[in-house]
Amino acid sequence: MRRRAFLALTSSVAMCALLRASGGSLASPAQGAGAAQTQAIAAAATAFLNTLSDQQQVAAQFAFEPQPMATAAHFRGGMRGDVDMVGEQYGRAMWSNFPVSDVPRPGLRLGSLSEVQRQAVMALLRVLLSDRGYRKVLDIMGSDQALADTGTPYASGRAAYTLAIFGTPGVADVWMVQFGGHHLALNVTMLGQYAVLAPVLTGCLPAIYEEGGKRVRALAAENDKAFALLGTLDAKQRGWALIGHPVSELALGPGRDGEMMLPVGVKGSTLDLRQREMMFDLISEWAGMLNDVHAAPRLAEIRDGLEETFFAWSGPTTRKPDRNGASYFRVQGPRLFIEFSPQEPGGDLTMHVHTIYRDPRNAYGRALMA
């Protein structure tokens, strides 16, 4: 009940923000659904910025600085200060799979905001993302809060999640929203009727936790759908799919923008129609995080490339019921790279995972500006 009420509240806040910014009328249908959705997101972003003091606005909003490729940013951290902490930097934007106290993110942390300002952040996310994407964000943040409640030597929990806006929200010019923290990085770039969600980091520790007396299993759909697809492969297909990649290693993690790998695994053209549909459904757990209007052309593009998309697997091929497995998998297509990688810190591979979603040709919306 609490989550449904929260979803309704943030949807209401987003709509009110849109109406205020548009002078009481929604965008004309002639602008197209994509442009109207961009305008709705811009209205929610502007509503958030309008809640801030001058000092907060300086900390939350930056110029959008397009560049040919993101770079790797290195920090020293860990309990002894001797661990190489890597982030991915694009202009002033920065994200990582490390906590925000080890790899600082630009923008304002939720913990520094008033309740009204936090509601405005969540209202922005609500209109930016699909229902599935928004729920996934809540699950990841809830997992990090469960971790924080056990005590951590680094910044964790919902209060550490950070929002930054790059450029001026609107339809005419390119701009970007970056939101994330430990185990989450969303980069959404918009121009006119188009929006690009890439790159994305999702993860969790712990994967299973309790909130409001209910059991939550974060990133469950990704894992369940991958195991289901693996289970449909015949002996020949499975032979192609199985690879020897280290389970806990992200091949294209933070700082690896623009890099490509030779595809490995079972090729989509060797799958039957049902298997290809299952692979598409798996990919949609990442590509479908963006709101339905803006995600539609990207999902159509992915579907068109399914025959040239590969599915690869490393690690155990079985798991305990209703629990994430200790297995790595990868999905790679013409304009797609996904990894799901269980992590060793924490002592249980089924409880800690990092995932990456990349669009090699359109990271940070670069194709929008071509």
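Residue numbering for the sequence shown follows the numbering used here, starting at 1 and increasing by one per position. The C-beta atom is built at its ideal place from N, Cα and C for all residues, glycine as well.
Residue(s) in a DSSP beta bridge with residue i
i, result
"residue 267", "310"
"residue 93", "90"
"residue 134", "For residue 134, which the question treats as bridged, DSSP gives no partner whatsoever."
"residue 98", "Partner(s): none; residue 98 has no beta bridge."
"residue 154", "Answer by DSSP bridge pairing: none, since residue 154 is not bridged."
"residue 61", "165"
"residue 177", "165, 188"
"residue 340", "329, 355"
"residue 83", "77"
"residue 129", "290"
For residue i, the three-state DSSP class (helix, strand or coil)
i, result
"residue 320", "coil"
"residue 73", "strand"
"residue 261", "coil"
"residue 238", "helix"
"residue 187", "strand"
"residue 378", "Outside the displayed span of the chain (1 to 370) sits residue 378, for which this structure offers no information."
"residue 48", "helix"
"residue 67", "coil"
"residue 198", "strand"
"residue 21", "Per-residue confidence for residue 21 stands at a pLDDT of 38, beneath the threshold of 50, marking its modelled position as unreliable; no derived number is given."
"residue 294", "helix"
"residue 38", "helix"
"residue 247", "coil"
"residue 252", "coil"
"residue 207", "coil"
"residue 289", "coil"
"residue 233", "coil"
"residue 279", "helix"
"residue 335", "coil"
"residue 355", "strand"
"residue 272", "coil"
"residue 330", "strand"
"residue 26", "Interpretation of residue 26 is limited by its pLDDT of 44, a score under 50 that renders its predicted location unreliable; no figure is taken from the coordinates."
"residue 216", "strand"
"residue 54", "helix"
"residue 108", "strand"
"residue 299", "helix"
"residue 147", "helix"
"residue 223", "helix"
Within 9 Å, strictly: CB atoms of residue i and residue j
i, j, result
"residue 124", "residue 47", "yes"
"residue 355", "residue 286", "yes"
"residue 288", "residue 334", "no"
"residue 104", "residue 358", "no"
"residue 148", "residue 160", "yes"
"residue 169", "residue 49", "yes"
"residue 378", "residue 205", "Shown here, the chain extends from 1 to 370; a query on residue 378 therefore has no answer."
"residue 63", "residue 166", "yes"
"residue 139", "residue 218", "yes"
"residue 58", "residue 368", "no"
"residue 337", "residue 252", "yes"
"residue 52", "residue 128", "no"
"residue 279", "residue 38", "no"
"residue 326", "residue 193", "no"
"residue 44", "residue 126", "yes"
"residue 77", "residue 54", "no"
"residue 135", "residue 144", "no"
"residue 347", "residue 328", "no"
"residue 152", "residue 99", "yes"
Below-9 Å beta-carbon distance, residue i vs any chain B residue
i, result
"residue 155", "The structure shown has no chain B; it contains just one protein chain."
Inter-residue CB distance, residue i and residue j (contact presumed, cutoff 8 Å)
i, j, result
"residue 201", "residue 97", "6 Å"
"residue 366", "residue 66", "7 Å"
"residue 142", "residue 216", "6 Å"
"residue 207", "residue 350", "7 Å"
"residue 264", "residue 243", "5 Å"
"residue 70", "residue 363", "7 Å"
"residue 42", "residue 171", "7 Å"
"residue 108", "residue 40", "No, residue 108 and residue 40 are not in contact; Cβ-Cβ is about 22 Å, not under 8 Å."
- Query: Does the stretch 209-227 come close enough to the stretch 267-276 to have 3 or more Cβ pairs within less than 8 Å?
  - Reply: The stretch 209-227 makes no contact with the stretch 267-276, as fewer than three CB pairs between them are under 8 Å.
- Give a yes or no on contact between the stretch 171-181 and the stretch 250-263, applying the rule of three or more CB pairs nearer than 8 Å. Contact between the stretch 171-181 and the stretch 250-263 is absent, because fewer than three Cβ pairs lie under 8 Å.
- Inter-stretch contact (C-beta, 8 Å, three-pair minimum) for the stretch 185-197 and the stretch 290-305: They touch, by the three-pair rule.
- Does the count of Cβ pairs from the stretch 240-250 and the stretch 328-345 closer than 8 Å reach three? Counting Cβ pairs under 8 Å, three or more are found: they touch.
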